[in-house]
Structures are given as C-alpha cells and as structure tokens.
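Student: Here you go, one structure.
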Amino acid sequence: MGFVLDISRIYYEPAAAELPRGKEILARFPGATLVEVESHHRIPELYGDESNVNRWVRIKREALVLGVKKSLSARPNGRSADFIAPSTANGCAMACAYCYVPRHKGYSNPITVFANIDKILGYVQRHAGRQGVKPAPNECDPHAWVYDIGENSDCSVDALVSDNVRDLVELFRWLPNAKASFATKYVNRDLLGWDPQGRTRVRFSLMPQADAKLLDIRTTPVAERIAAIDDFVAAGYEVHVNFSPVVVRDGWLEAWSELFEQLDAGIGAAARRQLACEVIFLTHNRDLHEVNLGWHPKAEDALWRPDLQQPKRSQNGSWNVRYRTGSKGRYVQALTDLIAERIPYCRVRYAF
C-alpha cells in the first residue's frame, strides 16, 4: 500500500466489526492491534489531544477507525455538486496543511470507515429515485443530479481500505438520473478497472508543484496526477480538475501559468473535450494555524498572511481568514483570465 498506509492499530465499534464490510476490513489488516471503542466519534487518544500534534503524520499512517454511520442524509450543495451524499468514510491518511477537517474533529484525523455500506447505498438510491429527472441544467451538470461522495475524505485513498467507494461507483453506473463525484490528490490506478461508464466524475486537485511540495503533504506529486487524467478518461470516468487552494504569494500567477502549460502538454483531445474546473482560493482558520505551528510551521508562512487576509466568523463560531474583499476579486479575475488564455477549452464551473 505504498507510503500512504501502514495500519497497525484499528479502533472499532463492536457493531461495525459484526457487519460483512467490517469483517472484510479487519481481514485486510490481520496484524493490526484491535481496540474496542464505544463510539468512532470519541477516541481520546486520537481526537482533541493537543499532544498528538507531534505524532500528526504517524497517526494518519498507522491508525484506522471502523464505525457505523448513524444518521443518513443527503445535504443540498449546489456549487460543486447538487447533493453531499452520506459519508462512507471521513478523515484522511494524507496531511494537507490547509485541510479543514482537523478543525471539526480535533488534531490528527486518520481514516474512519463506515461498515454499514448497504444502508448507505440504499439511502442514496432511494434519494436519487425521489429526485426524478433533472428539470434544467445547472453549474453542477446539464443532465444528472451530482452527488459528492467524498466531502470529508479522499475516495482514492479510502479505496485502499475497503470496497465502499467501488460499491458507490457501481451503484451510480446504473442510476439513470444521477452521477457520483469526488475530488482527489492521490492517484489510485485500481480505480481504472471499475467501468464507471461516465457516471462518476473524478476531480483531480492541482496546484503549482512548489506550493504542493510545501502544503500537499503525503499526496501524489502533481505531475503524476496530470499524467493520470487521460487514463481515467479512457477508463470511462468524467475527469475535471480543481485548482485549489489558490495561495497568493510572490510570483503566484507565474507559477499557475506554468501549471496550466504543464496540464495542456499532459492531456489529449478526449480529456480536453470534457474538461472543466473549479477554482477555490484559500480559506484558512485561526485554530488550524495554531495546530500547524506545532507540526509544520513553514506552511504557515504561506497560509497565514494577515497582510493579505481578513477575518470572518464562520457558522460554527470559529475564526476563518480569507483574502481581503476587493483584492480577492482581482485575484480571481486574474486567474480566470489566465485559464482562458492558457487552457481555453477548460470551462470554469465556478471560482471563488
């Protein structure tokens, strides 16, 4: 399983371990130490313990949590997807310095995988059935209702742990009015054999390699992500790209221009015909800033820029920072103009 996972400790809810998918996952890691827990949400040695910042990456590589997803809902989204599907996992083995998930769960957040996949599949199928035919095109998709299946995790990495993602891709293959979607920073070529028949959209997240080296910790190099695009298109996926997060720094536009040239040189006609992108400028968080100072302070030189950013209190009460109003509009315009100039076939689905 390469550099991403070396699972040596599995925290499990008893109900999850009794389900078929739970048994499969435990069988994949026969050498792991098993620790029974009451709830996948409350594991003191993983979540909320500030001392864990010193073991940030090790926890992500070595720990796995096996739980049961209690409440199932499909939240309306309307930007990247029409709906956020119920999670089949949350957390991640990668360690991107700007990731928002640690804000919610506390410190290092390894993969939690949910074993009640049959219930999740049934819910998604019924929810899509109730939507009927999409009445009009929107920025998510002209015809299908789009379900993001990886809001709180990276599905390409989740697929190393269980067959949950494959089960979802196979479900959407025959849902006539819906398609799956997920963003990824990891190239998992096992997915090329799943025959999605155009009903799953993979969004490869891209940024200039210099930024990725500093911020995208434990991910697939950007050049390899670009090199995978044609293969995923040929395998039957719809492939889009996410330009995110866009970090403003000295020389940032020149760096993005080089990335667009690299992308243009790295993909063929079939990928270009169906290519679209999402552009997302950095939003950072005061609490995450404090955490990062404990394990990766160099990243904060780029992410925490009070000279360029303004604070905004989020819905959950924490303080986020984003690029200043007025300046940000100019940044967005400059980058979308650059996309139009360098990769004009790449439709910008949204930019903010």
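Counting the sequence shown from 1 gives a position; my numbering is that position plus 511. Glycine is no exception: its CB is placed at the ideal position from the N, C-alpha and C atoms. Quick caveat: nothing in here was measured; it's all calculated off a predicted structure.
Can you confirm whether the stretch 642 to 658 touches the stretch 569 to 577 when touching is taken to mean that 3 or more C-beta pairs between the two stretches lie within less than 8 Å?
Tutor: Touching, no.
Student: Using 8 Å as the threshold, is the C-beta distance between A766 and D722 below it?
Tutor: The residue you call residue 766 lines up with position 255 of the sequence shown. The residue you call residue 722 lines up with position 211 of the sequence shown. Going by C-beta atoms, A766 is nearer than 8 Å to D722.
Student: Using three-state DSSP, classify G837 as helix, strand or coil.
Tutor: Counting from 1 along the sequence shown, the entry for residue 837 is found at position 326. The answer is coil: DSSP assigns G837 none of H, G, I, E or B.
Student: Among all the DSSP beta bridges, which residues are the ones paired with V790?
Tutor: In the sequence shown, residue 790 corresponds to position 279, counting from 1. Bridge partners of V790: F754, A862.
Student: Taking 8 Å as the cut-off, does the stretch 576 to 591 touch the stretch 620 to 636 (at least 3 CB pairs, one atom from each stretch)?
Tutor: Cβ pair count under 8 Å is three or more, so yes.
Student: Among A781, V757, E681, D812, which residue has its Cα nearest to the Cα of V843?
Tutor: Here residue 843 is taken as the residue at index 332 of the sequence shown, counted from 1. Looking at the Cα atoms, V757 is the closest of the given residues.
Student: Between the C-alpha atoms of G709 and P555, what's the straight-line distance to the nearest angstrom?
Tutor: Position 198 of the sequence shown holds residue 709. Position 44 of the sequence shown holds residue 555. Roughly 42 Å separates the two Cα atoms.
Student: Buried or exposed for K690, going by 16 or more other Cβ atoms inside 10 Å?
Tutor: To locate residue 690, count along the sequence shown from 1; it is residue 179. K690 comes out buried.
Student: Report all residues from its chain with a CB closer than 7 Å to the CB of D701; omit the five preceding and five following residues, and keep chain order.
Tutor: As a working note, residue 701 is residue 190 in the sequence shown. Closer than 7 Å at the Cβ level, and outside the excluded window around D701, lie A670.
Student: Where does T711 fall in DSSP's three states?
Tutor: What you label residue 711 is simply residue 200 of the sequence shown in a count that begins at 1. T711: strand per DSSP, three-state reduction.
Student: If you follow the beta strand (DSSP E) that G704 is in, where does it begin and where does it stop?
Tutor: For the purposes of this step, residue 704 is identified with residue 193 of the sequence shown, where counting begins at 1. Unbroken run through G704: none, as it is neither H nor E.
Student: Report buried or exposed for K696, applying the criterion of at least 16 other Cβ atoms within 10 angstroms of its Cβ.
Tutor: For this step, residue 696 is matched to residue 185 along the sequence shown. Buried: at least 16 other Cβ atoms inside 10 Å.
Student: Kindly indicate which three-state DSSP category G762 falls into: helix, strand or coil?
Tutor: Translated into the one-based positions of the sequence shown, residue 762 becomes position 251. Three-state result, G762: coil.
Student: Measuring CB to CB, does V752 end up less than 8 Å from R714?
Tutor: Within the sequence shown, the letter at position 241 stands for residue 752. Within the sequence shown, the letter at position 203 stands for residue 714. Yes, Cβ-Cβ distance for V752 and R714 is below 8 Å.
Student: Rounded C-beta distance between A600 and I622? I'm assuming under 8 Å.
Tutor: As a first step, residue 600 is located in the sequence shown; it is residue number 89 there, counting from the start. As a first step, residue 622 is located in the sequence shown; it is residue number 111 there, counting from the start. Their Cβ separation, rounded to whole angstroms, is 6 Å, which keeps A600 and I622 in contact under 8 Å.
Student: Using DSSP bridges, identify the partner residues of V624.
Tutor: Within the sequence shown, the letter at position 113 stands for residue 624. DSSP output for V624 lists L577, A600 as bridge partner(s).
Student: Based on DSSP bridge pairs, tell me the residues matched to P587.
Tutor: Here the question's residue 587 lines up with position 76 in the sequence shown. P587 pairs with F594.
Student: Is F683 helix, strand or coil by DSSP?
Tutor: Residue mapping note: residue 683 aligns to position 172 of the sequence shown, counting from 1. In this structure, F683 counts as helix in the three-state DSSP scheme.
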